[in-house]
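Read through the structure below, which is laid out as C-alpha coordinates, and then see the notes.
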Amino acid sequence: MGAIACSDARPDQLPISPVSPKMADACGQILLGSGLTVLSHPLMYIKVLIQVGHEPLPPTLGRNLFGRQVHQLPGLFAYAKHIIQIDGKAGLFNGLVPRLCAGSIGTIVHSKVLQKCQEQGTPQVLGGQQKAVEGSLQHVVNETTKEMIARSCATVVTHPFHVITLRCMVQFIGRETKYSGVFDSIVTVYREEGILGFFAGLIPRLLGDVLSLWICNLLAHLINTYAIDDSMSHTGEIKNCSQAVTGFFASMLTYPFVLVSNLMAVNNCGLAGGLPPYASVYPTWVDCWRHLSKESNMSRGNSLFFRKLPAGKMYAIDQKRFF
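Residues 202 to 524 (my numbering) make up the sequence shown, in order.
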(Lines of atoms letter the chains of each structure in order from A; the text may use other names.)
(Lines give C-alpha, C1' and ligand atoms only; values in the text may rest on other atoms or scores of the structure.)
Protein backbone atom coordinates (compact mmCIF):
# COMPACT_ATOMS: atom_id res chain seq x y z
CA MET A 202 0.00 0.00 0.00
CA GLY A 203 1.22 3.44 -0.81
CA ALA A 204 1.85 6.13 1.79
CA ILE A 205 -0.99 8.56 2.66
CA ALA A 206 -0.05 12.09 1.60
CA CYS A 207 -0.51 14.92 4.13
CA SER A 208 -2.78 17.82 3.16
CA ASP A 209 -3.93 21.14 4.65
CA ALA A 210 -7.40 20.73 3.19
CA ARG A 211 -10.32 20.17 5.54
CA PRO A 212 -12.02 16.76 5.40
CA ASP A 213 -15.12 18.26 3.76
CA GLN A 214 -12.92 19.68 0.99
CA LEU A 215 -11.18 16.41 0.12
CA PRO A 216 -12.21 15.00 -3.27
CA ILE A 217 -14.38 11.90 -3.13
CA SER A 218 -13.39 9.17 -5.57
CA PRO A 219 -16.52 7.58 -7.01
CA VAL A 220 -16.72 3.81 -6.79
CA SER A 221 -17.25 2.33 -10.24
CA PRO A 222 -20.09 -0.19 -10.70
CA LYS A 223 -17.57 -2.83 -11.79
CA MET A 224 -15.49 -2.30 -8.66
CA ALA A 225 -18.59 -2.45 -6.46
CA ASP A 226 -19.69 -5.63 -8.24
CA ALA A 227 -16.25 -7.21 -7.69
CA CYS A 228 -16.33 -6.27 -3.99
CA GLY A 229 -19.80 -7.76 -3.68
CA GLN A 230 -18.63 -10.98 -5.31
CA ILE A 231 -15.64 -11.18 -2.95
CA LEU A 232 -17.81 -10.66 0.14
CA LEU A 233 -20.40 -13.19 -1.02
CA GLY A 234 -17.71 -15.68 -2.00
CA SER A 235 -15.94 -15.26 1.34
CA GLY A 236 -19.16 -15.90 3.22
CA LEU A 237 -19.89 -19.06 1.24
CA THR A 238 -16.29 -20.19 1.70
CA VAL A 239 -16.52 -19.89 5.48
CA LEU A 240 -19.81 -21.80 5.57
CA SER A 241 -18.61 -24.59 3.27
CA HIS A 242 -15.09 -24.93 4.68
CA PRO A 243 -15.83 -27.78 7.15
CA LEU A 244 -17.30 -29.80 4.26
CA MET A 245 -14.20 -29.26 2.12
CA TYR A 246 -11.94 -30.06 5.08
CA ILE A 247 -13.62 -33.41 5.70
CA LYS A 248 -13.76 -34.20 1.98
CA VAL A 249 -10.00 -33.59 1.62
CA LEU A 250 -9.19 -35.88 4.57
CA ILE A 251 -11.35 -38.61 3.03
CA GLN A 252 -9.73 -38.05 -0.37
CA VAL A 253 -6.26 -38.72 1.03
CA GLY A 254 -7.61 -41.90 2.63
CA HIS A 255 -7.76 -40.89 6.30
CA GLU A 256 -10.43 -42.97 8.08
CA PRO A 257 -10.13 -42.25 11.82
CA LEU A 258 -13.32 -44.16 12.66
CA PRO A 259 -13.91 -47.85 11.92
CA PRO A 260 -16.87 -49.01 9.81
CA THR A 261 -20.24 -49.43 11.48
CA LEU A 262 -23.24 -51.61 10.68
CA GLY A 263 -26.03 -49.58 9.16
CA ARG A 264 -28.79 -49.72 6.56
CA ASN A 265 -28.75 -48.52 2.96
CA LEU A 266 -31.57 -46.73 1.13
CA PHE A 267 -33.35 -50.06 0.57
CA GLY A 268 -33.23 -51.03 4.25
CA ARG A 269 -30.59 -53.74 3.87
CA GLN A 270 -27.90 -54.05 6.54
CA VAL A 271 -24.49 -53.00 5.22
CA HIS A 272 -21.16 -51.95 6.67
CA GLN A 273 -20.78 -48.21 6.21
CA LEU A 274 -18.05 -45.68 6.79
CA PRO A 275 -18.77 -42.72 9.07
CA GLY A 276 -20.35 -39.80 7.21
CA LEU A 277 -20.00 -36.05 7.43
CA PHE A 278 -21.47 -35.52 10.91
CA ALA A 279 -19.58 -38.39 12.56
CA TYR A 280 -16.32 -37.19 10.98
CA ALA A 281 -16.98 -33.60 12.06
CA LYS A 282 -17.71 -34.74 15.62
CA HIS A 283 -14.39 -36.62 15.68
CA ILE A 284 -12.46 -33.50 14.58
CA ILE A 285 -14.25 -31.36 17.19
CA GLN A 286 -13.33 -33.85 19.93
CA ILE A 287 -9.64 -33.48 19.03
CA ASP A 288 -9.25 -29.83 17.92
CA GLY A 289 -12.47 -28.20 19.06
CA LYS A 290 -14.93 -26.40 16.78
CA ALA A 291 -12.16 -24.12 15.52
CA GLY A 292 -10.43 -27.23 14.19
CA LEU A 293 -13.07 -27.48 11.44
CA PHE A 294 -11.61 -24.31 9.92
CA ASN A 295 -7.98 -25.36 9.46
CA GLY A 296 -6.70 -23.87 6.20
CA LEU A 297 -9.45 -21.25 5.98
CA VAL A 298 -7.18 -18.18 5.71
CA PRO A 299 -5.20 -19.29 2.62
CA ARG A 300 -8.47 -20.48 1.05
CA LEU A 301 -10.01 -17.04 1.59
CA CYS A 302 -6.92 -15.48 0.01
CA ALA A 303 -7.29 -17.79 -2.99
CA GLY A 304 -10.97 -16.97 -3.35
CA SER A 305 -10.52 -13.19 -3.16
CA ILE A 306 -7.54 -13.05 -5.52
CA GLY A 307 -9.19 -15.53 -7.88
CA THR A 308 -12.35 -13.41 -8.10
CA ILE A 309 -10.35 -10.29 -8.98
CA VAL A 310 -8.16 -12.05 -11.59
CA HIS A 311 -11.16 -13.80 -13.17
CA SER A 312 -13.11 -10.54 -13.35
CA LYS A 313 -10.22 -8.55 -14.85
CA VAL A 314 -9.27 -11.17 -17.47
CA LEU A 315 -12.89 -11.76 -18.49
CA GLN A 316 -13.48 -8.01 -18.76
CA LYS A 317 -10.38 -7.68 -20.97
CA CYS A 318 -11.60 -10.49 -23.24
CA GLN A 319 -15.05 -8.92 -23.51
CA GLU A 320 -13.65 -5.47 -24.30
CA GLN A 321 -11.33 -6.74 -27.01
CA GLY A 322 -13.96 -9.12 -28.35
CA THR A 323 -11.38 -11.89 -28.54
CA PRO A 324 -10.82 -14.72 -28.98
CA GLN A 325 -13.45 -15.53 -31.61
CA VAL A 326 -13.09 -19.27 -32.12
CA LEU A 327 -16.03 -19.58 -34.50
CA GLY A 328 -17.41 -17.02 -36.93
CA GLY A 329 -14.32 -14.84 -37.31
CA GLN A 330 -15.07 -11.17 -36.66
CA GLN A 331 -18.82 -11.58 -37.14
CA LYS A 332 -20.91 -11.06 -34.04
CA ALA A 333 -22.49 -14.33 -33.01
CA VAL A 334 -26.24 -14.58 -32.42
CA GLU A 335 -26.93 -15.04 -28.72
CA GLY A 336 -27.88 -18.63 -27.99
CA SER A 337 -26.19 -20.02 -31.09
CA LEU A 338 -23.42 -22.64 -30.96
CA GLN A 339 -20.99 -20.00 -32.24
CA HIS A 340 -21.91 -17.71 -29.34
CA VAL A 341 -21.63 -20.52 -26.76
CA VAL A 342 -18.19 -21.60 -28.02
CA ASN A 343 -16.82 -18.04 -28.08
CA GLU A 344 -18.16 -17.16 -24.62
CA THR A 345 -16.98 -20.48 -23.16
CA THR A 346 -13.51 -19.84 -24.56
CA LYS A 347 -13.36 -16.45 -22.84
CA GLU A 348 -14.58 -17.99 -19.58
CA MET A 349 -12.01 -20.77 -19.91
CA ILE A 350 -9.18 -18.25 -20.28
CA ALA A 351 -10.39 -16.24 -17.27
CA ARG A 352 -10.81 -19.32 -15.07
CA SER A 353 -7.46 -20.77 -16.08
CA CYS A 354 -5.65 -17.52 -15.26
CA ALA A 355 -7.37 -17.35 -11.86
CA THR A 356 -6.52 -21.00 -11.16
CA VAL A 357 -2.84 -20.58 -12.02
CA VAL A 358 -2.49 -17.41 -9.92
CA THR A 359 -4.26 -18.83 -6.86
CA HIS A 360 -2.94 -22.40 -6.97
CA PRO A 361 -0.10 -21.70 -4.46
CA PHE A 362 -2.74 -20.73 -1.88
CA HIS A 363 -4.72 -23.86 -2.79
CA VAL A 364 -1.66 -26.02 -2.13
CA ILE A 365 -1.10 -24.37 1.26
CA THR A 366 -4.79 -24.83 2.13
CA LEU A 367 -4.64 -28.56 1.43
CA ARG A 368 -1.42 -29.04 3.39
CA CYS A 369 -2.84 -27.16 6.40
CA MET A 370 -5.75 -29.62 6.33
CA VAL A 371 -3.71 -32.79 5.87
CA GLN A 372 -1.59 -31.88 8.92
CA PHE A 373 -4.49 -33.21 10.98
CA ILE A 374 -3.43 -36.78 10.14
CA GLY A 375 0.08 -36.60 11.60
CA ARG A 376 -0.67 -33.77 14.08
CA GLU A 377 2.06 -31.62 12.52
CA THR A 378 2.34 -27.83 12.69
CA LYS A 379 4.61 -27.38 9.69
CA TYR A 380 2.17 -25.14 7.83
CA SER A 381 0.89 -22.69 10.43
CA GLY A 382 0.43 -19.39 8.60
CA VAL A 383 0.21 -18.11 5.04
CA PHE A 384 3.57 -16.31 5.03
CA ASP A 385 5.40 -19.04 6.96
CA SER A 386 3.89 -21.67 4.66
CA ILE A 387 5.08 -19.79 1.57
CA VAL A 388 8.60 -19.70 2.99
CA THR A 389 8.44 -23.42 3.87
CA VAL A 390 7.28 -24.49 0.40
CA TYR A 391 9.87 -22.33 -1.36
CA ARG A 392 12.72 -23.48 0.89
CA GLU A 393 11.93 -27.20 0.51
CA GLU A 394 10.56 -27.48 -3.04
CA GLY A 395 11.30 -24.24 -4.85
CA ILE A 396 8.85 -22.49 -7.18
CA LEU A 397 7.50 -25.78 -8.57
CA GLY A 398 6.24 -26.73 -5.11
CA PHE A 399 3.60 -24.01 -5.34
CA PHE A 400 2.16 -25.64 -8.46
CA ALA A 401 1.97 -29.27 -7.32
CA GLY A 402 -1.18 -30.82 -8.79
CA LEU A 403 -1.86 -27.86 -11.10
CA ILE A 404 -2.11 -29.77 -14.41
CA PRO A 405 -4.93 -32.19 -13.42
CA ARG A 406 -6.76 -29.30 -11.74
CA LEU A 407 -6.60 -27.20 -14.90
CA LEU A 408 -7.66 -30.13 -17.07
CA GLY A 409 -10.59 -30.87 -14.79
CA ASP A 410 -11.75 -27.23 -14.75
CA VAL A 411 -11.54 -26.88 -18.53
CA LEU A 412 -13.29 -30.19 -19.26
CA SER A 413 -16.01 -29.46 -16.71
CA LEU A 414 -16.69 -26.02 -18.18
CA TRP A 415 -16.94 -27.27 -21.78
CA ILE A 416 -19.06 -30.31 -20.90
CA CYS A 417 -21.44 -28.16 -18.85
CA ASN A 418 -21.90 -25.39 -21.42
CA LEU A 419 -22.13 -27.58 -24.53
CA LEU A 420 -24.53 -30.02 -22.87
CA ALA A 421 -26.70 -27.17 -21.60
CA HIS A 422 -26.73 -25.69 -25.12
CA LEU A 423 -27.85 -29.00 -26.63
CA ILE A 424 -30.63 -29.39 -24.05
CA ASN A 425 -31.82 -25.79 -24.40
CA THR A 426 -31.77 -25.97 -28.20
CA TYR A 427 -33.26 -29.39 -28.90
CA ALA A 428 -35.15 -30.39 -25.76
CA ILE A 429 -36.73 -27.13 -24.58
CA ASP A 430 -39.35 -25.33 -26.64
CA ASP A 431 -39.28 -21.53 -26.35
CA SER A 432 -43.07 -21.51 -26.42
CA MET A 433 -43.16 -23.40 -23.12
CA SER A 434 -44.05 -21.50 -19.95
CA HIS A 435 -41.22 -20.70 -17.50
CA THR A 436 -38.62 -21.29 -20.22
CA GLY A 437 -36.02 -19.17 -18.40
CA GLU A 438 -36.34 -21.15 -15.18
CA ILE A 439 -36.15 -24.44 -17.07
CA LYS A 440 -32.97 -23.34 -18.86
CA ASN A 441 -31.39 -22.28 -15.56
CA CYS A 442 -32.30 -25.67 -14.11
CA SER A 443 -30.74 -27.47 -17.09
CA GLN A 444 -27.55 -25.44 -16.58
CA ALA A 445 -27.42 -26.53 -12.93
CA VAL A 446 -28.05 -30.18 -13.82
CA THR A 447 -25.39 -30.23 -16.53
CA GLY A 448 -22.97 -28.51 -14.14
CA PHE A 449 -23.53 -31.24 -11.57
CA PHE A 450 -23.12 -33.93 -14.23
CA ALA A 451 -19.90 -32.34 -15.51
CA SER A 452 -18.45 -32.12 -11.99
CA MET A 453 -19.20 -35.82 -11.46
CA LEU A 454 -17.43 -36.77 -14.69
CA THR A 455 -14.35 -34.68 -13.94
CA TYR A 456 -14.12 -35.53 -10.22
CA PRO A 457 -11.11 -37.86 -10.72
CA PHE A 458 -9.07 -34.83 -11.86
CA VAL A 459 -9.96 -33.02 -8.61
CA LEU A 460 -8.99 -36.06 -6.55
CA VAL A 461 -5.64 -36.57 -8.32
CA SER A 462 -4.85 -32.84 -8.12
CA ASN A 463 -5.44 -32.73 -4.36
CA LEU A 464 -3.40 -35.88 -3.77
CA MET A 465 -0.48 -34.52 -5.80
CA ALA A 466 -0.60 -31.21 -3.91
CA VAL A 467 0.22 -33.01 -0.64
CA ASN A 468 2.23 -35.93 -2.03
CA ASN A 469 5.78 -36.23 -0.67
CA CYS A 470 5.61 -32.79 0.98
CA GLY A 471 7.02 -33.89 4.34
CA LEU A 472 3.66 -34.51 6.02
CA ALA A 473 2.65 -37.95 7.31
CA GLY A 474 -0.49 -37.88 5.16
CA GLY A 475 1.58 -37.65 1.99
CA LEU A 476 4.40 -40.08 2.78
CA PRO A 477 4.85 -43.87 3.11
CA PRO A 478 3.66 -45.99 4.77
CA TYR A 479 0.50 -43.89 4.90
CA ALA A 480 0.53 -42.84 1.24
CA SER A 481 2.46 -43.82 -1.86
CA VAL A 482 4.89 -41.39 -3.50
CA TYR A 483 3.94 -40.66 -7.11
CA PRO A 484 6.55 -39.32 -9.57
CA THR A 485 3.83 -37.73 -11.74
CA TRP A 486 0.09 -37.16 -11.60
CA VAL A 487 -0.34 -39.82 -14.31
CA ASP A 488 1.18 -42.41 -11.96
CA CYS A 489 -1.24 -41.30 -9.25
CA TRP A 490 -4.16 -41.66 -11.69
CA ARG A 491 -3.07 -45.17 -12.70
CA HIS A 492 -2.67 -46.28 -9.08
CA LEU A 493 -6.10 -44.99 -8.05
CA SER A 494 -7.68 -46.51 -11.15
CA LYS A 495 -6.05 -49.87 -10.48
CA GLU A 496 -7.45 -49.89 -6.93
CA SER A 497 -10.89 -48.59 -8.05
CA ASN A 498 -10.47 -45.48 -5.91
CA MET A 499 -11.23 -42.81 -8.52
CA SER A 500 -14.37 -41.69 -6.67
CA ARG A 501 -12.90 -41.65 -3.15
CA GLY A 502 -14.30 -38.72 -1.20
CA ASN A 503 -16.97 -37.93 -3.79
CA SER A 504 -19.74 -38.64 -1.28
CA LEU A 505 -19.94 -37.55 2.35
CA PHE A 506 -23.07 -39.58 3.08
CA PHE A 507 -23.95 -43.29 2.70
CA ARG A 508 -20.30 -44.19 2.34
CA LYS A 509 -20.10 -47.86 1.46
CA LEU A 510 -17.25 -50.01 2.80
CA PRO A 511 -14.74 -50.63 -0.04
CA ALA A 512 -14.99 -54.21 -1.30
CA GLY A 513 -11.95 -56.37 -0.56
CA LYS A 514 -10.34 -53.76 1.71
CA MET A 515 -9.03 -54.29 5.25
CA TYR A 516 -9.23 -51.55 7.87
CA ALA A 517 -5.88 -50.91 9.57
CA ILE A 518 -6.71 -49.40 12.95
CA ASP A 519 -3.09 -48.30 13.59
CA GLN A 520 -2.87 -46.23 10.39
CA LYS A 521 -6.61 -45.48 10.24
CA ARG A 522 -7.02 -46.25 6.55
CA PHE A 523 -7.93 -49.10 4.22
CA PHE A 524 -5.56 -51.46 2.44
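Backbone N, C-alpha and C define an ideal beta-carbon position, used for all residues, glycine too.
Just so it is clear, the structure is predicted and the values come from calculations on it, not from any experiment.
Item to check | Inter-residue CB distance, S386 and I365 (contact presumed, cutoff 8 Å) | outcome: 4 Å
Next on the checklist: According to DSSP, is Q520 part of a helix, a strand, or is it coil?
Outcome noted: coil
Checklist entry - Going by DSSP, which residues form a beta bridge with R508? => result L274
Checklist entry - Is W486 near G402, with beta carbons less than 9 Å apart? => result yes
Checklist entry - Nearest to L505 by CA position, among C442, V249, L240, is which residue? => result V249
Checklist entry - Between the beta-carbon of Y246 and the beta-carbon of I285, is there less than 9 Å? => result no
Checklist entry - Are the C-beta atoms of S500 and some chain B residue less than 9 Å apart? => result Of the chains in the structure shown, none is chain B; there is only one protein chain.
Item to check | Cα-Cα separation, K521 to P257 | outcome: 5 Å
Checklist entry - So T261 is in the beta strand (DSSP E); what residue range does that whole segment cover? => result 261-264
Checklist entry - When you compare each of F373, N441, S305 to D229 by their alpha carbons, which one comes out closest? => result Per the sequence shown, residue 229 should be read as Gly rather than Asp. Among F373, N441, S305, the Cα nearest to that of G229 belongs to S305.
Next on the checklist: In chain order, what are the residue ranges of uninterrupted beta strand (DSSP E) at least 3 long that sit wholly in the stretch 352-380?
Outcome noted: none
Checklist entry - Can G234 and V298 be called in contact, C-beta distance under 9 Å? => result no
Item to check | With 16 other Cβ atoms within 10 Å as the buried cut-off, status of N343 | outcome: buried
Checklist entry - Roughly how many whole angstroms lie between the Cα atoms of L476 and Q316? => result 43 Å
Checklist entry - Which class does G229 belong to by DSSP, given the choice of helix, strand or coil? => result helix
Next on the checklist: Here's a check: name, in chain order, each residue in its chain whose Cβ is nearer than 6 Å to the Cβ of C302, leaving out the five neighbours to either side.
Outcome noted: F362
Item to check | N-terminal and C-terminal residue of the alpha helix (DSSP H) that K514 is part of | outcome: No alpha helix (DSSP H) contains K514, which DSSP labels as neither H nor E.
Checklist entry - Where V357 and S481 are concerned, what is the direct C-alpha to C-alpha distance, given to the nearest angstrom? => result 26 Å
Checklist entry - Do V390 and F399 have their CB atoms nearer than 9 Å? => result yes
Checklist entry - If you run the structure through DSSP and keep just helix, strand and coil, what is P243? => result helix
Next on the checklist: With the cut-off set at 9 Å, would you say L460 and L493 are in Cβ contact?
Outcome noted: yes
Checklist entry - Leaving out five residues before and five after I416 in sequence, what residues of the same chain have Cβ atoms less than 8 Å from its Cβ? => result T447, F450, A451, L454, T455
Checklist entry - With 16 as the cutoff for other CB atoms within 10 Å, does G236 come out buried or exposed? => result exposed
Checklist entry - What do you get for I287, buried or exposed, if any count of 16 or more other CB atoms within 10 angstroms of its CB means buried? => result exposed
Next on the checklist: Applying the 10 Å Cβ sphere with the 16-neighbour rule, what's the burial state of A466?
Outcome noted: buried
Checklist entry - Roughly how many angstroms separate the alpha carbons of I439 and V341, rounded to a whole number? => result 18 Å
Next on the checklist: Going by DSSP in three states, E525 sits in which element: helix, strand or coil?
Outcome noted: It is not possible to answer for residue 525, since the shown part of the chain is limited to 202 through 524.
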